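Following: one structure in structure tokens, then a few remarks.
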Amino acid sequence: MNVLVKDKIVASEAGVVSIADRGYQFGDGIYEVIRVLNGKLFTEKEHMDRFYSSAEKMELVIPYTREKLTGLIYDLIKANNVIDGHVYFQLTRGNQDPRNHAFNDDAEGIITGQTKAYPRDMKMLEEGVTAITADDIRWLRCDIKTLNLIGNCMAKTKAQRAGAEEAILHRDGTVTECSSSSLLIVKDGVVKTHPLTNLILPGITRIVIMEAIAAANIPVVEEAFSLEELFAADEVMLASTGHDATPIIAIDGKQVGDGKRGPVTAEIQRYYDLRIEKECGK
Ligand SMILES: Cc1ncc(COP(=O)(O)O)c(C=O)c1O
19 MNVLVKDKIV
29 ASEAGVVSIA
39 DRGYQFGDGI
49 YEVIRVLNGK
59 LFTEKEHMDR
69 FYSSAEKMEL
79 VIPYTREKLT
89 GLIYDLIKAN
99 NVIDGHVYFQ
109 LTRGNQDPRN
119 HAFNDDAEGI
129 ITGQTKAYPR
139 DMKMLEEGVT
149 AITADDIRWL
159 RCDIKTLNLI
169 GNCMAKTKAQ
179 RAGAEEAILH
189 RDGTVTECSS
199 SSLLIVKDGV
209 VKTHPLTNLI
219 LPGITRIVIM
229 EAIAAANIPV
239 VEEAFSLEEL
249 FAADEVMLAS
259 TGHDATPIIA
269 IDGKQVGDGK
279 RGPVTAEIQR
289 YYDLRIEKEC
299 GK
């Protein structure tokens with residue numbers, strides 16, 4: 019297995035970073051996960067746009083041009099022979115010794131990256147997954163894809179311990195998103211999802227789903243909704259790079275709709291497949 023460290027592809031054992039790295043000490047950095055399908059980066063432009071936007075919001079300087087960074091990511095995928103899977107890459111604010119909360123304006127960022135190979139889980143896309151609800155205890159800049167994920171990690175662990183795939187987060191009864199995915203509900207044919215504010219990550223899968231919704235003339239409202247609306251929904255779906263649009267068929271042990279993938283989710287999945295075929299040729 020090879021990894022990316024700065025602008026070099028090296029064997030993972032050689033991928034050492036300093037304990038003075040601000041990513042290690044403060045979670046001071048950002049990251050992206052891009053799906054690799056048929057050896058190609060799916061929705062590459064959207065992910066790179068978000069990476070640059072997260073960097074700007076955190077006053078982080080990306081040390082390479084966009085072309086060079088994209089090239090390094092492709093080099094890593096090829097070095098590991100990833101056909102289907104994902105590539106993870108992150109940028110930290112680099113080393114600061116002695117440790118100090120305040121960051122230096124001239125900090126030199128460090129890029130690292132890894133890959134993981136896995137096929138699309140067609141069974142999961144059809145049969146769906148279960149979820150629990152959990153308090154959204156995260157900070158107030160969830161729009162930044164920062165390495166600081168402990169609130170997300172605690173919620174996901176709670177879900178896994180309950181035998182569920184995801185945790186649906188809410189702030190005092192208002193649903194935001196999931197621990198590592200966006201969330202959409204369908205009631206009487208209308209899709210509802212939280213608007214793009216500081217309280218949710220602007221999901222790339224969410225963008226593709228919005229395109230699908232527009233293409234299929236499905237009515238949609240970008241409005242916060244309550245736990246009561248969540249439990250009364252006909253369909254619920256989570257959306258993320260690793261899960262595409264996956265039906266949630268039960269929440270906190272209560273069945274959603276008829277407990278099966280609904281027609282709106284299926285329609286969105288059809289569009290998703292077409293977009294993959296168009297971009298990655300499979
Ligand atoms: C908190 C959160 N929301 C939403 C998403 C979905 O984003 P994307 O569709 O870009 O993978 C993720 C993905 O990691 C996430 O961590």
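The sequence shown begins at 19 in the working numbering and counts up one residue at a time. Every residue gets a Cβ at the ideal spot worked out from N, C-alpha and C, and that includes glycine. Just so it is clear, the structure is predicted and the values come from calculations on it, not from any experiment.
First through last residue of the beta strand (DSSP E) which encompasses residue i
i	result
Asp262	262–269
Thr148	147–153
Arg315	Past the boundaries of the shown model lies residue 315; the chain is included only from 19 to 300, so the question cannot be answered.
Glu253	253–258
Ser200	200–205
Val79	Segment: none, Val79 is in no beta strand (DSSP E) and carries neither H nor E.
One or two residues paired with residue i in a DSSP bridge
i	result
Ile48	Leu109, Thr164
Gln8	As displayed, the chain neither begins before 19 nor continues past 300, which places residue 8 out of reach and without an answer.
Phe243	Val193
Arg53	His104
Asn20	Ala29
Val238	Val209
Gln273	Ala268
Lys174	DSSP, once it has assigned bridges, lists no residue as partnering Lys174.
Lys58	Leu55
Asp39	Asn113
Assumed close pair residue i, residue j - CB separation to whole angstroms, cut-off 8 Å
i	j	result
Ile95	Thr133	6 Å
Met76	Ile162	6 Å
Leu219	Glu195	7 Å
Ile48	Leu78	6 Å
Arg40	Thr148	37 Å between Cβ atoms; not a contact.
Arg68	Ile222	7 Å
Gly45	Thr164	7 Å
Leu59	Ile91	7 Å
Val274	Glu253	7 Å
Thr211	Ser200	7 Å
Asp129	Leu22	This sequence places Ile at residue 129; Asp is not what is there. Yes, Ile129 and Leu22 are in contact; Cβ-Cβ is about 7 Å, under 8 Å.
Tyr106	Val51	5 Å
Gly127	Gly112	5 Å
Asn20	Ala135	Rounded, the Cβ-Cβ distance is 13 Å, inconsistent with contact.
Val204	Ser244	Contact flag wrong, Cβ pair sits at about 16 Å.
Arg156	Gly169	4 Å
Leu143	Ile294	Rounded, the Cβ-Cβ distance is 12 Å, inconsistent with contact.
Ala38	Asp115	4 Å
Arg224	Ala257	5 Å
Gly278	Ile267	A quick correction: the sequence has Lys, not Gly, at residue 278. So it is a contact: roughly 7 Å between Cβ atoms.
Cys160	Asn216	6 Å
Arg189	Asp154	5 Å
Limits of the unbroken alpha helix (DSSP H) element including residue i
i	result
Gln287	281–298
Val226	222–233
Met66	62–75
Ile218	Note, Ile218: premise wrong, no alpha helix (DSSP H); not H, not E.
Leu87	84–97
CB contact check: residue i to chain D, cutoff 8 Å
i	result
Ile294	No chain D is part of this structure, which consists of one protein chain only.
For this session: Could you tell me whether the segment 255–268 touches the segment 232–244, using the rule of 3 or more Cβ pairs below 8 Å?
Result: Too few Cβ pairs lie closer than 8 Å, so no.
Exercise. Would you say the segment 21–41 touches the segment 64–79, given that touching needs at least three Cβ pairs under 8 Å?
Worked result: At 8 Å Cβ cutoff, the stretches do not touch.
Exercise. Below 8 Å, can you find three or more Cβ-Cβ pairs linking the segment 278–292 to the segment 222–231?
Worked result: Yes: the two stretches touch, three or more of their Cβ pairs being nearer than 8 Å.
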